Amino acid sequence: MPGRSGVFAAILLILVGVLTGAGAAHATSAVAGYPGGRALASAMAQAHEALAQSDIEVPDGISERDVLLLALNVYYEARGEGLAGKAAVANVTLNRLGDRRWPSTLAEVILQPGQFSWTRKPPRIEDREALRASVMVAAKALSGVLRDRTGGALYFHAARLGEPDWTRGLTRIARIGAHTFYAD
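In the numbering used here, the protein residues as written are 171 to 354.
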């Protein structure tokens, strides 16, 4: 398994392929040796396509890469949720970015090992409408127009899981949609 620098090199190669129009085929061949590399390249290409086919604009000062990565995080973590549930996942991701205990870039927050299970091997994107909604939520969250309804939460889990052991010592903040949100 590649180290942190290997994972970020893979992401860079994916983004070069996607953003230069080379598409997923070129990007996937460049990251074939990385866990989840091909699937992540394909997911990034699909998110890029959803953005390109919409009237959603990338906010000034925000990279398209960040919009796409946040959109994928929202999609994989909350694709079956309404807009409030999707926004809550985006809020937690951005709350982590603003907390000094977490990495300093959005890519590092999302791709940090063990934080979001989808990043190990992203499943195929099946729900195009949920992807479009996730891209819209990501763009709005990054532009600062979404109110944080999680109360500053840094953690969440599917409510169907009950109370996982890792939540001990955390303060339950809210239940939004199918997720329970926590802060410390």
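For every residue, glycine included, the Cβ atom is placed at its ideal position computed from N, Cα and C. Just so we're clear, the structure is a prediction, and the values are computed from it rather than from any experiment.
Assumed close pair residue i, residue j - CB separation to whole angstroms, cut-off 8 angstroms
i    : j    : result
D354 : L340 : 5 angstroms
L281 : T263 : Between T263 and L281 the Cβ distance is about 11 angstroms, and since that is not below 8 angstroms, they are no contact.
L316 : N265 : About 12 angstroms separates the two Cβ atoms, so there is no contact after all.
L324 : D269 : 6 angstroms
Close-in-space but distant-in-sequence residues of the same chain around residue i (CB under 8 angstroms, 5 per side omitted)
i    : result
R345 : A329, F351
A303 : L253, K256
S224 : R302, V305, M306
S274 : L267
Reduced DSSP secondary structure (H/G/I, E/B, other) of residue i
i    : result
I226 : coil
A344 : strand
V201 : Here the model assigns V201 a pLDDT of 35, short of 50, so the residue's position is not dependable, and the following value carries that caveat. Of the three classes helix, strand and coil, the one that applies to V201 here is coil, per DSSP.
Cβ pair residue i, residue j closer than 8 angstroms
i    : j    : result
R319 : A254 : yes
E251 : G321 : no
L114 : V259 : Since the displayed the chain opens at 171 and closes at 354, residue 114 lies outside it and no answer follows.
L210 : Y245 : no
E247 : F286 : yes
D297 : R249 : yes
Contacting residues, own chain, Cβ-Cβ under 6 angstroms from residue i (five flanking each side not counted)
i    : result
D230 : none
L242 : A213, A217
L267 : L276, V279
W272 : R266, V279
I232 : L312
Close Cβ partners of residue i (< 7 angstroms) along its chain, the five nearest in sequence each way excluded
i    : result
I226 : V305, M306, A309
D335 : none
| request: Would you list, in sequence order, the uninterrupted alpha helix (DSSP H) runs of no fewer than 4 residues that lie entirely inside the region 224-300? | output: 234-248, 253-267, 276-281
Whole beta strand (DSSP E) runs in the region 307-352 with 3 or more residues, listed along the chain? 325-328, 341-346
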